[in-house]
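Taking it in order: structure first as structure tokens, then the write-up.
2 protein chains.
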Amino acid sequence: MIHSPTVKLSAKATADLGVVDGLVQLSFSIQAIVGSVTAHHDLSIIQTRLLGALRDRKLSMAQIARLISLDKSSTTGLVDRAEKRGYVERSIAPHDGRSVLVTLTTSGRRVVDRVATEVAREINAVIEDLSDVDRRRLSQLASRFVHLDAEARGIDLTAGQTTQRRN
Amino acid sequence: MIHSPTVKLSAKATADLGVVDGLVQLSFSIQAIVGSVTAHHDLSIIQTRLLGALRDRKLSMAQIARLISLDKSSTTGLVDRAEKRGYVERSIAPHDGRSVLVTLTTSGRRVVDRVATEVAREINAVIEDLSDVDRRRLSQLASRFVHLDAEARGIDLTAGQTTQRRN
DNA sequence: TATTGTTATACTCTATAACTATA
DNA sequence: TATAGTTATAGAGTATAACAATA
Chain A
28 MIHSPTVKLS
38 AKATADLGVV
48 DGLVQLSFSI
58 QAIVGSVTAH
68 HDLSIIQTRL
78 LGALRDRKLS
88 MAQIARLISL
98 DKSSTTGLVD
108 RAEKRGYVER
118 SIAPHDGRSV
128 LVTLTTSGRR
138 VVDRVATEVA
148 REINAVIEDL
158 SDVDRRRLSQ
168 LASRFVHLDA
178 EARGIDLTAG
188 QTTQRRN
Chain B
28 MIHSPTVKLS
38 AKATADLGVV
48 DGLVQLSFSI
58 QAIVGSVTAH
68 HDLSIIQTRL
78 LGALRDRKLS
88 MAQIARLISL
98 DKSSTTGLVD
108 RAEKRGYVER
118 SIAPHDGRSV
128 LVTLTTSGRR
138 VVDRVATEVA
148 REINAVIEDL
158 SDVDRRRLSQ
168 LASRFVHLDA
178 EARGIDLTAG
188 QTTQRRN
């Protein structure tokens, strides 16, 4: 992990990095792709994550904090900046005067949709040379990992409701 | 990508997120694991990346900047903070008075080794229930992706010397 | 002139602690 | 009392622009 530089690139057969190094470096590759796409839209990864989380639902500040693993005070700032740029709106929860609900604006939806499309295009471009079988396997294994990890952390991906441990 | 919450968790068979969402969410999972381990050592991911890059070689400021995709001014700050904590040292390059070489200290090596070990343990814990075949496939496919991406960006992983595009 | 690196500046992102308001 | 959010503060991380030193 963490960049062992003993990696050799043979023109054809790709040296296997091992699961751990492979996964860690894969995560850096993906984050770099997402980062470059979002940067073109003058968004950070975390801002995009916020907008993405709001794509199909409204969430309270507390839910956002749990979902993205942020302190509530950090969430305040994150939402402040998104709101200032017109991507999200705050409103008070109907049945709980303490709770603040955050929703995507039209503008916010537009930008997050565009980013998602471009990220998909970039990632698909990288794996276009993989066989269909390999692509399917990669998809399945990535999903498996995500679910195993979520399970281990006791996170329920289904609900906007989240409880977690790590950290 | 970017957190489409239409995900359902069936107890056994894990719903396939699709390659793109799967990979993006996988990258967030891995980053969360790395982040929590590094945080326990009071390190950020980027600090750990710096130390990791120096594990087997000394690098100039410019090389670090290229390798981690940072502006040279950001690199100055990054190395400043690492140096202040005694994890790296600066020295002047023998044959080029402009160039500053950065090396790991004993203390820096100790901490990066420890972090790497713990990250490996955490990741292995997540995938321990995968079959050997699946683990091997995951490893191979992750490596494939990293190399395909590096190729597309024109990055040579072999050398401390790096040239790139994206961004 | 080009390259290497630092400094000054400004902004985002983050957590901790202290606070207000609602339940 | 407990929960939801905000504010104040401090620090890391980042880029841009301007600079100094070396090649």
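Taken in order, these protein sequences are the chains called A and B. Going by the working numbering, the first residue of the first sequence is number 28, and it counts up by one from there. Going by the working numbering, the first residue of the second sequence is number 28, and it counts up by one from there. Don't be surprised by glycine CBs; every beta carbon is placed ideally from N, CA and C. Being a predicted model, the structure only gives us computed values, none of them experimental.
* Asked: Closest by CA to B/Thr133, which one among B/Ala109, B/Ala92, B/Ser100?
  -> B/Ala109
* Asked: According to the Cβ coordinates, are B/Glu178 and B/Val64 closer than 7 Å?
  -> no
* Proximity test, B/Val106 beta-carbon vs the ligand NAD heavy atom, cut-off 6 Å -> With respect to small molecules bound, the structure shown includes none, and the ligand NAD cannot be examined in it.
* C-beta neighbour in chain A for B/His122, strict 7 Å -> no
* Assign B/Arg84 to one of three DSSP states: helix, strand, or coil. => coil
* To do: Check the Cβ-Cβ distances between B/Gln52 and every residue of chain A, and say whether any is below 7 Å.
  => yes
* Asked: Quick one, are the C-beta atoms of A/Ile73 and A/Glu149 less than 7 Å apart?
  -> no
* Asked: Are there 16 or more other CB atoms within 10 angstroms of the CB of B/Arg163, so buried, or fewer, so exposed?
  -> exposed
* Could you confirm whether any beta carbon from chain B is found closer than 7 Å to the beta carbon of A/Leu77? => no
* Specify the secondary structure class of B/Arg125 as computed by DSSP and reduced to three states. => coil
* Asked: From the DSSP output, which residues share a beta bridge with A/Glu116?
  -> A/Thr130
* DSSP state of A/Ser56 mapped onto helix, strand, coil -> helix
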